[in-house]
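Visitor:
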Amino acid sequence: MNRYYVIYNPSSGKELAAHKVFGVAETMMSIDDAEFSFYATKKRGDGEEAAKRACNLGYEMIITCGGDGTVNEVVNGIMKSDYKPKLAIMPAGTINDFAEQLSLPKSKENFASLLMQKKFGTIDIGKINDNYFINVVGGGAFTTIAHKVTIDAKTILGKYAYYHRAAVDVPEELEVCENINFIIDGKEYNYKTFLFLVLNSAGAGGFRYLCPKAKLNDGLLDLVIFEKTSNADLFQIFTKVFYGQHITHPKVHYFQAENIKVIPENQMVIDTDGDPGGYAPAEISSVHNAIDILIP
């Protein structure tokens, strides 16, 4: 019998996550010898603790249903456990950057079909200090926008809640400039930084080609640094981001590395997979071939 442990965020996807996970379970149990256990998160950190319990109980697979924040918590629970079950991500949140990079299906019918195929790939996971991330770490302009959006706003407006918040904050965010030392695989660089992002996959924040050279299993993280420049320059750069053409701009610096140290002149807030992730200074590294994940 296949034993699945489902961790879902009931407020995700305009509160449709529960409908999706129970629908998938019903379909699976009608055609496969499967047993499902369910856990609904209630507060920050619940997903990590639930994932640790699932690991300790020896479940073959953890299915997580929610946004990037829920996935991040589950990944942390798996990575901090000795036994690491396979992971399946059922996208249901307001923002599903990592699921979109994997082209995972959103409907419960298509996800159940994918689950039946049992096709897996091994991916890297990022580590920042003592915690883990599956997709992105960032600091600087616009990286704390997601932290200001309420659950009610996400439930009502979906992804447009983020766009509205970003539009409100544009004048303030355009003033951001942090003097940061980056130590990248032992080599030191210093930039007056508007924004930096460290990615495991190619995309984040709805931009699919932020790090166009990124691969999920190459043992490397991709770092893109947007140096402070004029607003006209920034506008030109961000129009190129949609096509992955920004990395050739002289005010954009692109690296691939196993280890990255971020040392700002002043303590700065770090975003990790769309949620608050502590503060820099921080050490960020790639954990190669860390987790087996369901793929199309």
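End of the sequence shown = 303 in this note's numbering, gap-free, step of one. The beta-carbon is built from N, C-alpha and C at its ideal position, and this holds for glycine as well.
Thinking just about the alpha-carbon of each residue, which of E195, V13, P271, C218 is nearest to the one in T48?
Guide: Measuring from the Cα of T48, the nearest candidate turns out to be V13.
Visitor: Report yes if the CB atom of G193 is closer than 7 Å to the CB atom of H295, and no otherwise.
Guide: No, Cβ-Cβ distance for G193 and H295 is not below 7 Å.
Visitor: When DSSP labels each residue in this structure, what does I85 get in the three-state scheme?
Guide: Looking at I85 - three-state DSSP - the assignment turns out to be helix.
Visitor: Compute the Euclidean distance between the alpha carbons of L223 and I298, then round it to the nearest angstrom.
Guide: Computed Cα separation, rounded: 11 Å.
Visitor: How about P92 and I69: are their beta carbons less than 7 Å apart?
Guide: Cβ distance < 7 Å, so P92 and I69 count as in contact.
Visitor: Determine which residues share a DSSP beta bridge with D229 and list them.
Guide: Beta-bridge pairing links D229 to L206, Q263.
Visitor: Three-state secondary structure (DSSP) at I163?
Guide: Its pLDDT being 45, under 50, I163 is placed unreliably by the model, and the measurement read from it follows with that caveat. In the structure shown, I163 sits in a helix (DSSP, three-state: H, G or I).
Visitor: I132 and I141 look like a contact to me (Cβ under 8 Å); what is the Cβ gap, rounded to whole Å?
Guide: The pair is a contact, with the Cβ atoms about 6 Å apart (cut-off 8 Å).
Visitor: Please report the residue range of the alpha helix (DSSP H) in which H253 lies.
Guide: Taken as a continuous stretch (DSSP letters only), H253 belongs to no alpha helix (DSSP H), as it is neither H nor E.
Visitor: Using the DSSP secondary-structure output, state which residues sit across from K222 in a beta bridge.
Guide: K222 is not bridged to any residue.
Visitor: Measure the beta-carbon distance from K115 to G213 and round it to whole angstroms, keeping in mind my assumption that it falls under 8 Å.
Guide: Their Cβ separation, rounded to whole angstroms, is 24 Å, which puts K115 and G213 out of contact at 8 Å.
Visitor: Let me make sure I understand the geometry here. Which of E67, L121, R215, N103 has the alpha-carbon closest to that of Q252?
Guide: If we check each option's Cα against that of Q252, R215 comes out closest.
Visitor: Determine, using beta carbons only, whether E67 and R10 come nearer to each other than 7 Å.
Guide: Result yes, Cβ atoms of E67 and R10 sit closer than 7 Å.
Visitor: When you compare each of D282, D280, A289 to Q274 by their alpha carbons, which one comes out closest?
Guide: Nearest option by C-alpha distance: A289.
Visitor: Okay, do the region 105–119 and the region 263–274 touch, 3+ Cβ pairs below 8 Å being the bar?
Guide: The answer is no - the region 263–274 does not touch the region 105–119, with fewer than three Cβ pairs under 8 Å.
Visitor: Select from E80, M8, G281 the residue whose C-alpha is nearest the C-alpha of L206.
Guide: Cα-wise, what sits closest to L206 is G281.
Visitor: Expressed to the nearest angstrom, what Euclidean distance is found between the alpha-carbon atoms of P283 and K258?
Guide: Going by the C-alpha atoms only, they are around 27 Å apart.
Visitor: Between Q108 and S44, how many whole angstroms is the CB-CB distance? I'm expecting something under 8 Å.
Guide: At roughly 28 Å, the Cβ-Cβ gap does not stay under 8 Å, so Q108 and S44 are not in contact.
Visitor: Give me, in chain order, the residues of the same chain whose beta-carbon lies closer than 8 Å to that of F203; leave out the 5 immediate sequence neighbours on both sides.
Guide: Excluding positions up to five away in sequence, the list reads G145, G146, G147, I187, F189, L230, V231, I232, F233, V269.
Visitor: Thinking just about the alpha-carbon of each residue, which of V28, P271, A221, T236 is nearest to the one in A119?
Guide: Comparing Cα-Cα distances from A119 to each of V28, P271, A221, T236, the minimum goes to V28.
Visitor: Quick check: Y139 and C72, are their CB atoms within less than 7 Å of each other?
Guide: Not in contact: Y139 and C72 (Cβ atoms no closer than 7 Å).
Visitor: Can you find the residues in the same chain that come closer than 7 Å, C-beta to C-beta, to F342, ignoring five residues on each side of it along the sequence?
Guide: Lying outside 8 to 303, the shown extent of the chain, residue 342 is not represented and no answer is given.
Visitor: So the candidates are M8, V82, F105, I96; which of them puts its Cα closest to the Cα of K126?
Guide: Nearest option by C-alpha distance: I96.
Visitor: Leaving out the 5 sequence neighbours to the left and right, which residues in its chain are closer than 8 Å to C184 when beta-carbon positions are compared?
Guide: Once the five neighbours on either side are set aside, the close Cβ partners of C184 are K199, T200, F201, K235.
Visitor: Secondary structure at N79, three-state DSSP: helix, strand or coil?
Guide: Three-state result, N79: helix.
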